[in-house]
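Going by the numbering used here, the first residue of the sequence shown is number 33, and it counts up by one from there.
What follows is a single structure, written as structure tokens, with notes after it.
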Amino acid sequence: MEIRKFLSFMEESEQLKSVLRTAWTSTGRRESTAEHSWRLALFA
């Protein structure tokens, strides 16, 4: 993968931290899209 494409992907991924989902965690707090994506990546 080209370094520019990789850095572009990382910039886009970084923005996921600020997107809140409408789902709640088991502790009753809203999770970010980044948190949700990270958890799903662990399952994959």
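Using N, Cα and C, we set each Cβ at its ideal position, and we do this for glycine too.
For the 8 Å CB-CB criterion, L52 and R61 do not form a contact.
Residue range R62 to S64 is occupied by the beta strand (DSSP E) that includes E63. DSSP places A55 within a strand segment (E or B) once states are collapsed to three. Between L48 and A73 a beta carbon distance of about 12 Å is seen, past the 8 Å cut, so the two are scored as non-contacting.
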